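Chemist: Mind having a look at this structure? Questions to follow.
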Amino acid sequence: AIIEEMREGIQPADAGRVFANTDRKEAIRMACGMAAPGDVVLVAGKGHETYQEIRGERHPFDDAAVLKETLELTRR
23 AIIEEMREGI QPADAGRVFA NTDRKEAIRM ACGMAAPGDV VLVAGKGHET
73 YQEIRGERHP FDDAAVLKET LELTRR
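For the sequence shown, the numbering used here begins at 23 and goes up steadily by one.
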């Protein structure tokens with residue numbers, strides 16, 4: 023899987039600072055929750071797509087909507 027290929031490039035000294043989550047919505051929320059003032063959270067890879075393809079089946083999903091919802095929840 024792509025995640026395992028990416029993990030191969032992580033230096034052992036950095037392994038404790040790397041998190042992997044295959045649930046995209048949870049991963050976006052986790053990254054936003056971990057971000058400190060002045061940090062940048064980059065959500066890459068889906069962009070314009072409004073679906074996620076899992077095992078050949080398309081599921082509605084929108085990165086921008088998840089980010090907006092997450093930021094609105096954290097501002098309360």
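Glycine residues also receive a C-beta, built at the ideal position from the N, C-alpha and C atoms. Here the structure is a predicted model, which is why all the values come from computation and not from measurement.
If you reduce the DSSP assignment to three classes, tell me which class residue 79 lands in.
Modeler: Reduced to three states, the DSSP call for residue 79 is strand.
Chemist: Quick check: the Cα distance between residue 72 and residue 88, rounded to an integer number of angstroms?
Modeler: About 11 Å.
Chemist: With 16 other CB atoms within 10 Å as the buried threshold, where does residue 85 fall?
Modeler: Per the 10 Å Cβ criterion, buried.
Chemist: Would you kindly report the start and end of the unbroken alpha helix (DSSP H) that includes residue 55?
Modeler: Taken as a continuous stretch (DSSP letters only), the alpha helix (DSSP H) holding residue 55 covers 46-56.
Chemist: Is residue 50 closer than 7 Å to residue 40 when the C-beta atoms are compared?
Modeler: No.
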